[in-house]
Every structure is written in structure tokens, then in C-alpha cells.
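Chemist: The numbering of the sequence shown is our numbering, which starts it at 8 and goes up by one.
All residues carry an ideal CB built from backbone N, CA and C; glycine is no exception.
Note that the structure is predicted; figures quoted are calculated from it, not measured.
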Amino acid sequence: MSAQDAVKKLAVLGDYEKVFPTSPYANPCRERGFEITFSHDPVTEAEAVELMREADVVVLVRERVPLPDHVLKQLPRLKAISQAGTGVSHIDLDAVNQRGIQVFTSPGLSISSVAELTIGMMIACSRQFPVHQAHLKEGNWIQTPGFELKGKRLGLLGFGKIAKEVAKIASALGMEVTAWRPTGIKGDENSYGVQVLELDELLGTSDVVSVHLRLVPALKGLLNRERLRQLKQGSIVINTSRGALVDTEALVGLLKSGHLRGAGIDTFEEEPLKSNPFADCPNVVLTPHIGYVTWDVLQRFADESLKNIITFKDNGI
8 MSAQDAVKKL AVLGDYEKVF PTSPYANPCR ERGFEITFSH DPVTEAEAVE LMREADVVVL
68 VRERVPLPDH VLKQLPRLKA ISQAGTGVSH IDLDAVNQRG IQVFTSPGLS ISSVAELTIG
128 MMIACSRQFP VHQAHLKEGN WIQTPGFELK GKRLGLLGFG KIAKEVAKIA SALGMEVTAW
188 RPTGIKGDEN SYGVQVLELD ELLGTSDVVS VHLRLVPALK GLLNRERLRQ LKQGSIVINT
248 SRGALVDTEA LVGLLKSGHL RGAGIDTFEE EPLKSNPFAD CPNVVLTPHI GYVTWDVLQR
308 FADESLKNII TFKDNGI
């Protein structure tokens, strides 16, 4: 048997939802000589190393298994990483590049799921779902007025694929949609009926501000205390992007003071949360980074990640 035809080992880590074994692309991987190991449970670093030690290729589901340099040093056979999703902050890319390991990602698979969660949070906050639910659970019948989204202004921070999907849905609800791009360069906003504004104007005039930006050093803490104070009285903040883009302490303060009507938060600076900074904020919708967590997206993750491996193998592993 030639080196080309020898059995290759593929390790899939972080498949908590057990979608990879049923992917239609699992058997084509086996047909190409891959022996597949699936890990469906959270693992320690030492356990992850054992699962990957003999692997030629690994699949990582989201950021569930970190690959720092000291872990990569223990994986001498590793030639490729297929990342389910686009985030690679958990991978030491410098170390990967030094070792000639290829990295594949699966972009654009969670657009609808994240956009739908964003819109759901807008509705929940505008109609005070958390407050009403808490009252009912306590046996109280209290009706707190909310506001319609129709006719209100939505300010999008960023205008990538998810923001565009949010813009389409929000427009269908009758919202006026505006956007700010960190580059300052206008793109295809006009084709979505979206007005481009400077950051200060967007913050000061929006009824809902929704964050859709990549976490890069220049944007960390973009919505700091000063900028959050620019928001309209009674406005709403939604963050389904990255927690570190928003100053959590300042946001909590403005929620408690009543300056902000509510917030929908799916991402946090520290994940998983060890202590909840929003615990005393009744007007907040919190979810544990579930923007991408739908069966639809998870199946796409499995399919695209394995397709990447098939392509890699066909091009000569």
C-alpha cells in the first residue's frame, strides 16, 4: 500500500449534538481511506490531545476545543484542520502556519439563524417579554406597555451578511434601517434600502441598535460608556456578534438607570459565564451564545466540514 493509499485518521471533536456521524459526507470520507473518531462530549486539554495525537486531519466544531501552540506540538501527524464555522480565535494560527498545517473554515452557514435570533430579541425587548414573564411567574398580572417596531429606526453596526439578512426582515416589519460601516466605505446598502450614517448620528437616532461586527482589536469596546450614553432614552441594544464589542458594566448601568429600555445579549466577554452581570436587570433577554445553535446550522457545519476534508484528500493529502 502506498503512502497515498494508507489509512488516514480523522478526529471530530466538539460534536456535542451528534450530527457528524449521520452526515452524507461521512461515508465518502471513509471511502477515501479515513478512519473516523467522533467525540461527542466536552473534553479536557489532555483528553483532546489523546483524541488528536494520531490524527492526520481534525474537525473542530466552533471554538469548543482550543489549539494553542503547546497542543499543536503534541500532534506530529496533523496536516489539516477543518473548522466548523468561521471563528479561528481558538487556534494559534502562527503555530499552524509554521507547521504547514492547512486550515479550512465553513463561512456563511448560520446567517439565517443568527438573523432570526436578532429579530426575536428585538421583539422580546420592545414588548418587554422578560418583565412580563417574571410578573406572571410571581403570580402578578401586570401589563407594561411596549412599542411597535413598525416605523421605528434600526441602527446596524456593520453591514455584513448577517446584518443584511436582519435588514431584510426588519424592513419587512416596517422599520427604517440605517447602518454604519467601520471602514467608512459605502457598499451595497442602497440595494437594501438602508441609509448609511456616521456612528454618532446612528447611535443618537436609533430606537434599536444591533451589533454585527467582527471582533478585531480596533473595534474592541466600541460601544463604551461614552457611546452607550449617546443612545436615545428608551432604546434597545442587541448583541448577537461578540461580547467584547460592548462595555458590559456600562450597559448594565444604563439598563438599571432606565436610560435603556432593554437589551438582547447572546454573546459575552467570558464564555461560559461564571457570574451573570445582568442578574439584577429585569429588562434583558439573555441566551448562551445560541445564534448558530439550530439543527439546520449544525447539519450544515457537519456537511461542509467533511466536504472540506474530501476536497483536501482529493487534492493529495
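For the structure I just gave you, are there three or more beta carbon pairs, one from the segment 202-217 and one from the segment 231-248, closer than 8 Å?
Modeler: In short, these stretches touch, since the Cβ pair count reaches three.
Chemist: What does a CB cutoff of less than 8 Å around D321 pick up in its chain, not counting 5 residues either side in sequence?
Modeler: Looking up residue 321 in the sequence shown gives position 314. Residues R39 of the same chain have their beta carbon placed closer than 8 Å to that of D321, with the five preceding and five following residues left out of the count.
Chemist: When the Cα of L79 is compared with those of V68, V203, Q109, which residue comes out closest?
Modeler: Along the sequence shown, one-based indexing puts residue 79 at 72. It is Q109.
Chemist: Taking the continuous beta strand (DSSP E) assigned at A1, which residues delimit it?
Modeler: This structure does not reach residue 1, given that the chain is present from 8 up to 324, and the question cannot be answered.
Chemist: For N315, does the count of other Cβ atoms within 10 angstroms reach 16, so buried, or fall short, so exposed?
Modeler: Position 308 of the sequence shown, counting from 1, holds the residue named residue 315. By the Cβ-count criterion, N315 is buried, with 16 or more other Cβ atoms from all chains shown falling within 10 Å of its own Cβ.
Chemist: Pair every Cβ in the segment 129-137 with every Cβ in the segment 102-118, then say whether three or more of these pairs are closer than 8 Å.
Modeler: no
Chemist: Express the C-alpha separation of R249 and A141 in angstroms, rounding to a whole number.
Modeler: Stepping through the sequence shown from its first residue, residue 141 is reached at position 134. Stepping through the sequence shown from its first residue, residue 249 is reached at position 242. Cα to Cα, A141 sits roughly 27 Å from R249.
Chemist: Is there contact between the segment 250-261 and the segment 278-291, where contact requires at least three CB pairs shorter than 8 Å?
Modeler: yes
Chemist: Could you tell me the distance, in whole angstroms, from the CA atom of D81 to the CA atom of V223?
Modeler: Walking along the sequence shown from the start, residue 81 turns up at place 74. Walking along the sequence shown from the start, residue 223 turns up at place 216. Here residue 81 is Gln; the residue named in the question, Asp, does not match the sequence. Near 29 Å, if we compare the C-alpha coordinates of V223 and Q81.
Chemist: When DSSP builds the beta bridges, which residues end up paired with A351?
Modeler: Lying before the first or after the last residue shown, residue 351 is absent from the chain, which here runs from 8 to 324.
Chemist: Express the C-alpha separation of A122 and H139 in angstroms, rounding to a whole number.
Modeler: Against the sequence shown, residue 139 aligns to sequence position 132. Against the sequence shown, residue 122 aligns to sequence position 115. A straight line joining the alpha-carbon of H139 with that of A122 spans about 24 Å.
Chemist: What is the DSSP secondary structure of A62, counted as helix, strand or coil?
Modeler: Within the sequence shown, numbered from 1, the residue matching residue 62 stands at position 55. Correct three-state label for A62: coil.
Chemist: Using the Cα positions of V50 and T294, report the straight-line distance between them to the nearest angstrom.
Modeler: On the sequence shown, position 43 is the one that residue 50 refers to. On the sequence shown, position 287 is the one that residue 294 refers to. Taking the straight line from one Cα to the other gives about 23 Å.
Chemist: Name the residue from Y23, T112, F27 whose alpha carbon lies nearest to the alpha carbon of Q306.
Modeler: Within the sequence shown, residue 306 is the residue found at index 299, counting from 1. Closest in alpha carbon position to Q306, among Y23, T112, F27, is F27.
Chemist: Is M59 closer than 8 Å to V66 when the C-beta atoms are compared?
Modeler: As a working note, residue 66 is residue 59 in the sequence shown. As a working note, residue 59 is residue 52 in the sequence shown. Contact flag unset, no.
Chemist: Give the single residue among E172, Q150, E183, F136 whose Cα lies nearest to the Cα of K157.
Modeler: In the sequence shown, the residue the question calls residue 157 occupies position 150. Nearest option by C-alpha distance: E183.
Chemist: Just mark D48 as buried or exposed, buried being the case when its beta carbon has 16 or more other beta carbons within 10 Å.
Modeler: Taking the sequence shown and counting its residues from 1, the one referred to as residue 48 is at position 41. With fewer than 16 Cβ atoms within 10 Å of its Cβ, D48 is classed as exposed.
Chemist: Could you spell out the range, first to last residue, of the alpha helix (DSSP H) harbouring T1?
Modeler: The chain is shown only over 8 to 324; residue 1 falls outside these bounds and no answer can be derived.
Chemist: Contact defined as beta carbons within less than 8 Å: I believe E276 pairs with T255. What is the distance between those atoms, to the nearest angstrom?
Modeler: For the purposes of this step, residue 276 is taken as the residue at position 269 of the sequence shown. For the purposes of this step, residue 255 is taken as the residue at position 248 of the sequence shown. Right, the Cβ-Cβ distance comes to about 6 Å (below 8 Å), so this counts as a contact.
Chemist: Could you please give the first and the last residue of the uninterrupted beta strand (DSSP E) stretch that includes S282?
Modeler: Taking the sequence shown and counting its residues from 1, one reaches residue 282 at position 275. Neither: S282 is in no beta strand (DSSP E) and is coded neither H nor E.
Chemist: So which of Y199, I169, L164, T190 has the shortest CA-CA distance to S178?
Modeler: Taking the sequence shown and counting its residues from 1, the one referred to as residue 178 is at position 171. Comparing Cα-Cα distances from S178 to each of Y199, I169, L164, T190, the minimum goes to Y199.
Chemist: Exposed or buried, which one is E311 when buried takes at least 16 other CB atoms within 10 Å?
Modeler: Reading the sequence shown from its first residue, position 304 is the one you call residue 311. Around the C-beta of E311, 16 or more other C-beta atoms lie within 10 Å, and the residue is accordingly described as buried.
Chemist: Go through the segment 68-117 residue by residue and report every complete run of the alpha helix (DSSP H) that reaches 4 residues or more, in order.
Modeler: 76-79, 100-105
Chemist: In terms of residues, what are the limits of the beta strand (DSSP E) holding F45?
Modeler: On the sequence shown, residue 45 is found 38 positions in, with the first residue counted as 1. Its beta strand (DSSP E) spans residues 41-45.
Chemist: According to DSSP, which residues form a beta bridge with Q202?
Modeler: Counting from one through the sequence shown, the residue named residue 202 turns up at place 195. Q202 pairs with T185.
Chemist: For V138, does the three-state DSSP call read helix, strand or coil?
Modeler: In the sequence shown, residue 138 corresponds to position 131, counting from 1. Helix, per DSSP.
Chemist: Residues in its own chain within less than 7 Å of N231 by CB, not counting five upstream and five downstream?
Modeler: Position 224 of the sequence shown, counted from the first residue, corresponds to residue 231. Excluding sequence neighbours, N231 sits near D254, A257.
Chemist: Considering Cα atoms alone, identify which of G298, H77, P83 is closest to D99.
Modeler: Taking the first residue of the sequence shown as 1, we reach residue 99 at position 92. Out of G298, H77, P83, H77 has the C-alpha closest to the C-alpha of D99.
Chemist: Excluding five sequence neighbours on each side, which residues of the same chain lie with their C-beta closer than 7 Å to the C-beta of T301?
Modeler: Sequence index remark: in the sequence shown, residue 301 carries index 294 (1-based). Taken in chain order, the residues that qualify are S120.
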